[in-house]
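Enquirer: Numbering (my numbering), first residue to last: 38 to 253.
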């Protein structure tokens, strides 16, 4: 099955430099490899990961993506990346301020916007399906064997969120029953299934359910 990669992935690490905080570790590894691949076309890239397991996962996907190993340097201390384009994944601890970050994942850090990086946010939409938002842009991706591909059809939770968002913007907050009835009619599901989808979309952060009302 053909994998069509969103064009935005070609910008990672070069014209698009990002930071993220709450992001699945597997996705962080994949984005690190995309960034390294793009950087390695013209420069040697420095990579720091928090543990051997993450390093091994990055190395494995580098082979999948054809990243030349001689264009990559792995370091135990992120400050060793000084003077090189840096792809850094942290679990905790201080974020060095003096590096040329191309991608940074730092779950507990604050003030990362001061580093001049674009913030990446991730909304899970199902198994291995995500909506990525960065710099006012948004894309749907699904992971397939270590690659991020455009879904061949729109994920169900994305359809749910889109329908409810349009309705709330037009009519205001919807009663839960009204929202379930709307989805049941539009998606051809039962009202019980529609309610389940509403709560699943809320857990994913796509909508909000407060006091029996669906809001944005």
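Idealized CB from N, CA, C, for every residue including glycine.
1) Using C-beta distances below 6 Å, list every residue in its chain close to residue 94, excluding the 5 sequence neighbours before and after it, in chain order.
2) By the DSSP assignment, the beta strand (DSSP E) with residue 254 in it spans what residues?
3) Which of helix, strand or coil does DSSP assign to residue 86?
4) Tell me, please, which residues DSSP counts as bridged to residue 186.
5) Could you check which residue in 172, 179 and 58 has the C-alpha nearest to that of residue 42?
6) Nearest CA to the CA of residue 161: which residue from 150, 176, 116 and 201?
7) Name the DSSP bridge partner or partners of residue 170?
8) My understanding is that residue 70 touches residue 108, with C-beta atoms under 8 Å, so please give their C-beta distance in whole angstroms.
9) Are the Cβ atoms of residue 132 and residue 155 separated by less than 7 Å?
10) Name the one or two DSSP bridge partners that residue 122 has.
11) Does the beta-carbon distance from residue 183 to residue 101 come in below 7 Å?
12) When you compare the CB positions of residue 143 and residue 105, do they come within less than 7 Å of one another, or not?
13) How is the alpha helix (DSSP H) around residue 62 delimited, first residue to last?
14) Within this structure, are the beta carbons of residue 159 and residue 149 separated by less than 7 Å?
15) Thinking residue 249 and residue 213 are a contact (beta carbons under 8 Å), I'd like their distance in whole angstroms, please.
16) Let me make sure I understand the geometry here. Which of 157, 192, 140 and 139 has the alpha-carbon closest to that of residue 165?
17) Helix, strand or coil: how does DSSP classify residue 143 here?
18) Can you give me the start and stop residues for the alpha helix (DSSP H) that residue 235 sits inside?
19) Among all the DSSP beta bridges, which residues are the ones paired with residue 163?
20) Look up residue 107 in the DSSP assignment and say whether it is helix, strand or coil.
21) May I ask you to list the residues that DSSP assigns as paired with residue 245?
22) With burial defined as no fewer than 16 other Cβ atoms inside 10 Å of the residue's Cβ, what is the status of residue 174: buried or exposed?
23) If you measure between the beta carbons of residue 85 and residue 110, is that distance less than 7 Å?
Expert: In brief:
1) 66
2) The chain is shown from 38 up to 253; residue 254 falls before or after that span and cannot be answered.
3) coil
4) 179
5) 179
6) 176
7) 158 and 175
8) Not a contact, Cβ separation roughly 13 Å.
9) no
10) 137
11) yes
12) no
13) 62-76
14) no
15) 5 Å
16) 192
17) coil
18) 228-240
19) 166
20) helix
21) 252
22) exposed
23) no
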